[in-house]
Structure formats: C-alpha cells, structure tokens
Amino acid sequence: MTNARNLITRRTALLSIGAGTAGALAAPYVARAQSTLPTATYTMGTDEAFATALNGGNDTARLRGPIQRIAIGFNFTEGPVWFGDQQMLIFSDLGANRLYRWDNKNERLDIYRDPSNHVNGNTTDKQGRLISCEQQTRRVTRTEHSGDITVIADSFEGKQLNTPNDVVVHSNGSIWFTDPPNGLDDDFEGRRTTREQENTNVFRVDPDTGEITAVITDIQPNGLCFSEDESKLYVTNSRTPAELGRIRVYDVSADTKTLENPRIFINPEMGSADGIKCDFEGNIWASWGGSPELAGVRVFAPDGTDLLQITLPTRAANLCFGGPVGNMLFMTSNRMVYRVFTNTRGANMI
Ligand code: MG
Numbered sequence: 018m019t020n021a022r023n024l025i026t027r028r029t030a031l032l033s034i035g036a037g038t039a040g041a042l043a044a045p046y047v048a049r050a051q052s053t054l055p056t057a058t059y060t061m062g063t064d065e066a067f068a069t070a071l072n073g074g075n076d077t078a079r080l081r082g083p084i085q086r087i088a089i090g091f092n093f094t095e096g097p098v099w100f101g102d103q104q105m106l107i108f109s110d111l112g113a114n115r116l117y118r119w120d121n122k123n124e125r126l127d128i129y130r131d132p133s134n135h136v137n138g139n140t141t142d143k144q145g146r147l148i149s150c151e152q153q154t155r156r157v158t159r160t161e162h163s164g165d166i167t168v169i170a171d172s173f174e175g176k177q178l179n180t181p182n183d184v185v186v187h188s189n190g191s192i193w194f195t196d197p198p199n200g201l202d203d204d205f206e207g208r209r210t211t212r213e214q215e216n217t218n219v220f221r222v223d224p225d226t227g228e229i230t231a232v233i234t235d236i237q238p239n240g241l242c243f244s245e246d247e248s249k250l251y252v253t254n255s256r257t258p259a260e261l262g263r264i265r266v267y268d269v270s271a272d273t274k275t276l277e278n279p280r281i282f283i284n285p286e287m288g289s290a291d292g293i294k295c296d297f298e299g300n301i302w303a304s305w306g307g308s309p310e311l312a313g314v315r316v317f318a319p320d321g322t323d324l325l326q327i328t329l330p331t332r333a334a335n336l337c338f339g340g341p342v343g344n345m346l347f348m349t350s351n352r353m354v355y356r357v358f359t360n361t362r363g364a365n366m367i
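Just remember that this note's numbering sits 17 ahead of the position in the sequence shown, which is counted from 1.
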C-alpha cells in the first residue's frame with residue numbers, strides 16, 4: 018500500500034470515527050481538519066496498531082491487551098514521562114508549543130503548560146521533579162515542586178547550546194542530555210536562528226558542582242537511556258551521516274563521569290530510532306521512524322536480537338514506561354499518543 022493511500026485511508030477512518038460515534042465527537046474532528054493548531058482531545062481507539070513477534074517469539078509474551086490510542090489531534094507528540102505519585106503522564110506537543118497532562122486514573126487530558134518553550138524530551142529526577150529539554154530557549158530546566166523553573170544548562174564553553182533534545186537522570190543525580198541542532202532550522206519546533214556550538218554533544222551535568230562536560234562529541238545524538246544497573250548508556254543517532262540510524266552503547270565509568278568502550282548496538286537496515294528506554298530485563302524499546310514499514314516501536318534483546326515490532330500508523334518519536342507497576346508503555350506518535358500493557362517493567366520503575 019502506498020503512503021498516499023495510507024494517508025487517505027487513515028483520514029477517512031478518523032472522520033468516520035467522528036461521524037459514527039456520539040455527535041459531540043464529530044465537531045472537534047472537523048475543527049481539527051480546518052485548523053493549523055488543532056485542539057487535542059481524548060478519544061480511545063485502536064487505529065491500525067498491531068504487534069508482531071520476531072525470531073520465534075510470542076507477542077503476547079511481551080504485550081497484553083490492545084494497543085490503545087488514548088489521545089489525538091496534536092501537531093507532533095514527544096517527550097512522555099510518567100509521574101507515579103499522581104498517576105499521570107506528561108508529554109509534549111512540540112509543534113503546538115505545549116505540554117499536556119494525561120490523568121491515567123480518570124482518563125482525562127489537560128494542558129499542563131502553554132507555552133512550553135517548545136519542550137522536546139522530558140524525564141524526572143529522584144525527587145520527582147520534571148526535567149525538560151526546551152528547544153526554543155535552548156536549555157535544560159527543572160520544574161521545582163513550587164512551580165518555579167530552574168535552569169540546569171543553557172551554554173557550554175561560553176556558547177549557547179544547540180537545542181537539547183532528550184534527557185535522563187542517573188541515580189546519583191547527574192543529568193545527561195543530547196544536544197543536536199534539530200530545533201534551529203525552523204520555528205515549528207524551536208526558533209530559526211544561528212548555531213553556536215561546533216559539535217552536537219551528549220552532556221553530563223555534575224550533581225555536586227553543576228559543571229557541564231561533553232561526554233560524547235562525535236555523533237549527532239538524539240535519544241538516550243541507562244540500563245537497569247546504570248552500567249551502560251544507550252544513545253541513538255538520528256542524523257550522523259556515517260552512523261545514520263545506529264544505536265550506540267557505552268560503558269559508564271566507575272566514577273560515572275565519563276563513557277568508555279563505545280560500540281554499535283544496532284545497525285538497522287531501514288529507518289532510525291529516536292527516543293529509547295530500557296526495561297528491567299535489559300531489552301531496549303526504541304521508537305522508530307524513517308521507514309513506513311517500521312513506523313512504531315522496535316524491541317531488541319540485550320544482544321541486539323529483534324524481539325518485537327509494534328506497528329503504528331505513523332512513526333513514533335518517543336516512549337516511556339509507566340502505570341502503577343511500571344508495566345504500561347506509552348508511545349508518542351506524530352498526532353497521537355498510544356498505550357499498551359506489557360509483560361515487563363521499565364528499568365528502575367519500582
Ligand atoms: Mg528525540
């Protein structure tokens with residue numbers, strides 16, 4: 018099936034959902050089709066999402082229940098992060114310049130922050146505070162429990178950062194983030210402006226001194242995650258020509274200040290990963306795009322073996338585990354957000 022036909026089929030399906038259900042749902046769908054900044058809404062559905070087990074596996078051994086679309090109508094969803102104390106997901110609509118809050122207990126969608134300074138990736142620290150990559154303001158920030166915003170990093174060697182993209186926090190409090198220039202090209206996901214950094218680094222912010230050091234300098238990184246025991250850091254390449262689509266893995270040094278022994282974890286034949294997460298068993302769950310056949314999520318064993326393909330109608334840009342026991346997978350995929358139960362848990366979720 019061609020891409021164009023897919024689009025037509027999908028659009029027709031969406032409109033038919035609106036027309037075929039309660040009348041109250043029909044109007045928002047029409048409004049979104051005519052608006053450049055559509056209003057997102059909560060609508061439960063399954064779309065054309067499905068899972069395929071690979072290499073002799075059984076998909077029900079890794080996923081349970083349907084792949085549910087929990088919200089739709091965004092411009093480009095990114096940066097999902099779970100807050101267990103409030104049983105809620107926060108995620109970004111990068112293009113609409115907003116953060117949204119999904120109340121998982123009451124199945125309700127609200128705007129959390131507007132404008133968001135075009136936040137891309139999000140995570141939490143051990144104190145349960147929101148850590149965000151702001152692409153418009155080219156900085157990493159922490160939202161305090163009071164609501165105040167603290168700047169974690171906005172420059173390196175006297176020059177403004179590119180556009181921080183994704184971020185993770187080590188259990189010792191160090192903050193690690195990627196800094197590709199993706200948000201400097203246009204005003205949709207940041208601001209069109211001049212780049213100052215020579216490289217596109219992965220940075221580490223020291224928990225004691227706040228010092229920012231470049232720990233990876235030779236790729237254009239995107240997503241990143243630690244393994245369960247934090248002995249390894251996985252990093253995706255979204256645009257590095259020589260390593261396009263590859264996922265690297267590094268050993269974290271004993272003092273956790275540097276990375277060692279870089280090697281290729283995945284060298285894909287098609288497409289590339291964006292955001293990635295590790296489960297407690299060491300498998301890597303990677304949001305995938307750049308290839309219509311592989312749009313969605315791919316799951317790899319610790320040795321790189323393909324385990325599972327979750328096929329979504331459009332690419333997935335990021336994902337996270339959540340839910341009361343960490344076994345729920347949330348996927349941000351273009352205009353949608355999806356949810357599915359898994360038979361594993363996110364690394365260090367509980
Ligand atoms: Mg990313």
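Here a beta-carbon is modelled for each residue, glycine too, at the ideal position from N, C-alpha and C.
Mind reading off the beta-carbon distance from residue i to residue j? Whole number of angstroms is fine, and I expect it under 8 Å.
| i | j | result |
| --- | --- | --- |
| T359 | L80 | 6 Å |
| N300 | P319 | 7 Å |
| V184 | F173 | Wrong, their Cβ atoms sit about 15 Å apart, outside the cutoff. |
| T180 | R155 | 6 Å |
| K294 | C242 | 5 Å |
| L276 | I233 | 6 Å |
| G227 | I283 | G227 to I283, Cβ: 33 Å. No contact. |
| G96 | G138 | 5 Å |
| K143 | S188 | 7 Å |
| A4 | R332 | With the chain represented from 18 up to 367, any question about residue 4 goes unanswered, as that position is not in the structure. |
| F297 | T361 | 7 Å |
Three-state secondary structure (DSSP) at residue i?
| i | result |
| --- | --- |
| N218 | coil |
| L116 | strand |
| E95 | strand |
| Q326 | strand |
| N351 | coil |
| Q152 | coil |
| A3 | What is shown of the chain runs 18 to 367, which leaves residue 3 out entirely. |
| E247 | coil |
| A70 | strand |
| Q103 | helix |
| P319 | coil |
| L311 | helix |
| N123 | coil |
| G175 | coil |
| A290 | strand |
| G200 | helix |
| A372 | The requested residue 372 is not part of the displayed model; the chain covers only 18 to 367. |
Whose C-beta lies closer than 7 Å to the C-beta of residue i among residues of the same chain, with five residues either side of it excluded?
| i | result |
| --- | --- |
| T167 | T158, R159 and E161 |
| R22 | Because the pLDDT of R22 is 32, which lies under 50, any placement of that residue in the model is unreliable, and the number read from its coordinates should be weighed accordingly. Closer than 7 Å at the Cβ level, and outside the excluded window around R22, lies no residue. |
| T217 | N179, D196, P197, P198, Q237 and P238 |
| H135 | L111, N114, E151, Q152, Q153, G200, E206 and G207 |
| D203 | R209 |
| G40 | Bear in mind that the predicted position of G40 carries a pLDDT of just 29, short of 50, making it unreliable; the figure below should be weighed with that in mind. Closer than 7 Å at the Cβ level, and outside the excluded window around G40, lies no residue. |
| S191 | R221, V222, D223, P224 and T273 |
| A244 | A small fix is needed here, since residue 244 is Ser in this sequence, not Ala. Here the set comprises C295, G299 and A364. |
| A78 | N360 |
| V314 | W302, A303, S304, W305, I327, A333, L336 and M348 |
| S133 | S109, N114, R115 and L116 |
Excluding the 5 residues flanking residue i on each side, which residues of the same chain have their C-beta closer than 8 Å to its C-beta?
| i | result |
| --- | --- |
| G82 | V357 and F358 |
| M353 | D64, R86, A88, I89, F91, T94, L329, P330 and T331 |
Got a sec: is the Cβ-Cβ distance from residue i to anything in chain D below 9 Å?
| i | result |
| --- | --- |
| S270 | Absent from the structure: chain D. Only one protein chain is present. |
Which same chain residues, not among the five before or five after residue i, have their C-beta less than 6 Å away from its C-beta?
| i | result |
| --- | --- |
| G73 | none |
| K176 | E213 and Q214 |
| S270 | E277 |
| T69 | Q326 |
| D120 | M105 |
Check: Would the region 258 to 267 and the region 146 to 163 be scored as touching if the rule is three or more Cβ pairs under 8 Å?
Finding: Touching, no, given that fewer than three Cβ pairs across the two stretches are closer than 8 Å.
Next item on the list: Report yes or no: do the region 119 to 137 and the region 311 to 329 share at least 3 C-beta pairs separated by less than 8 Å?
Entry: Verdict: no, contact absent.
Notebook entry, point to check: So, do the region 109 to 122 and the region 222 to 234 have three or more beta carbon pairs nearer to each other than 8 Å?
Noted result: Proximity of the region 109 to 122 to the region 222 to 234 falls short of the contact definition, fewer than three beta-carbon pairs being nearer than 8 Å.
Check: Would you call the region 58 to 70 and the region 86 to 95 in contact, with 3 or more CB pairs under 8 Å?
Finding: Touching, per the Cβ criterion.
Note to self: Does the region 299 to 314 come into contact with the region 279 to 288, if we say contact requires no fewer than three beta-carbon pairs (one atom in each stretch) closer than 8 Å?
What the structure shows: The region 299 to 314 is in contact with the region 279 to 288.
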